[in-house]
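Single-structure report; data block below.
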Amino acid sequence: MTATDAFATCPGAELPALRLPAVTPELAAAFAGASGDTNPIHLDPEAARVAGLPGVIAHGMLTMALLGRLVTSWASQDRLRALRTSFVAPVPGGDAITCTGTVTDVTRTGDGDCRAVVRLVARRSDGRTVARGVAEVAVDPVPGEELPDAVA
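For the sequence shown, position 23 matches number 24 in my numbering, and the numbering has no gaps at all.
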């Protein structure tokens with residue numbers, strides 16, 4: 002799908018949940034290599050314990066990447082205009098992550114484009130929220146529907 006393909010949504014729409022398997026040492030090592038973040042708390046259980054953690058934790062940016070993946074599995078990547086994330090709790094190594102999203106608003110921007118605002122949440126397997134985010138996605142207007150202007 003590209004930005005030229007028709008794509009519309011409305012407030013209340015739920016993105017299909019993205020459920021991921023456990024964060025393995027191999028995934029943590031691969032992400033460390035790709036991101037350049039080789040902080041030992043993500044790779045070495047003893048270093049993580051010395052830092053006061055119960056064991057290794059997943060990279061926060063991995064969680065953010067997964068929220069981005071949720072959005073781009075729903076809308077094409079070229080429609081993603083913004084992605085903001087706040088990290089709330091760590092993801093212990095071996096834990097799984099589930100990402101969900103809900104469209105909270107669809108507005109018209111100052112330049113006439115339409116944007117959907119999507120509230121995002123990542124939770125670990127015990128249900129605890131580990132990250133919250135907001136994505137802005139370019140959408141097409143629904144014919145005959147009036148959209149409010151975005152508040153700056």
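Ideal Cβ placement from N, Cα and C applies to all residues, glycine included.
Predicted model, so just to flag it, every value in this text is computed and none were measured.
Close Cβ partners of residue i (< 7 Å) along its chain, the five nearest in sequence each way excluded
| i | result |
| --- | --- |
| ASP96 | ALA23, VAL24, ARG125 and SER126 |
| PRO93 | PRO55, GLY56 and ILE58 |
| ALA76 | PHE8 and VAL138 |
Cβ neighbour criterion (16 or more within 10 Å) applied to residue i
| i | result |
| --- | --- |
| GLU137 | buried |
| GLY13 | exposed |
| THR130 | exposed |
| ALA83 | exposed |
| PHE134 | Reading off the sequence, residue 134 comes out as Gly, not Phe. Buried: at least 16 other Cβ atoms inside 10 Å. |
| THR86 | buried |
| ALA132 | buried |
| THR64 | buried |
| VAL119 | buried |
| VAL107 | buried |
| VAL143 | exposed |
Range covered by the alpha helix (DSSP H) that runs through residue i
| i | result |
| --- | --- |
| GLU47 | 46-51 |
| PHE88 | That residue, PHE88, is in no alpha helix (DSSP H); its beta strand (DSSP E) goes 81-88. |
| THR73 | 61-75 |
| GLY34 | 26-36 |
Proximal residues to residue i (C-beta, below 8 Å), its chain only, five neighbours per side dropped
| i | result |
| --- | --- |
| TRP73 | The sequence given here places Thr at residue 73; Trp does not occur at that position. Excluding positions up to five away in sequence, the list reads LEU81. |
| LEU21 | LEU67, ALA97, ILE98, THR99 and CYS100 |
| ILE42 | ALA48, ALA49, ALA52, LEU54, VAL57 and ILE58 |
| LEU44 | PRO26, ALA29, ALA30, ALA33 and VAL57 |
| ASP38 | PHE32, HIS60 and MET62 |
Run of the beta strand (DSSP E) containing residue i, from where it starts to where it stops
| i | result |
| --- | --- |
| VAL122 | 115-125 |
| ALA136 | 130-140 |
| ASP106 | 98-109 |
| LEU54 | Looking at the DSSP string, LEU54 is not in any beta strand (DSSP E), and its letter there is neither H nor E. |
| LEU21 | 19-21 |
6 Å CB neighbourhood of residue i in its chain, flanking five on each side removed
| i | result |
| --- | --- |
| GLY69 | LEU84 |
| GLU15 | THR103 |
| PRO17 | none |
| ILE19 | For the record, residue 19 in the displayed sequence is Leu; it is not Ile. Only LEU71 and CYS100 meet the Cβ criterion. |
Sheet register partners of residue i (DSSP bridge)
| i | result |
| --- | --- |
| PRO93 | ILE58 |
How do the region 28-42 and the region 112-121 stand: do at least 3 beta-carbon pairs fall below 8 Å, yes or no? no
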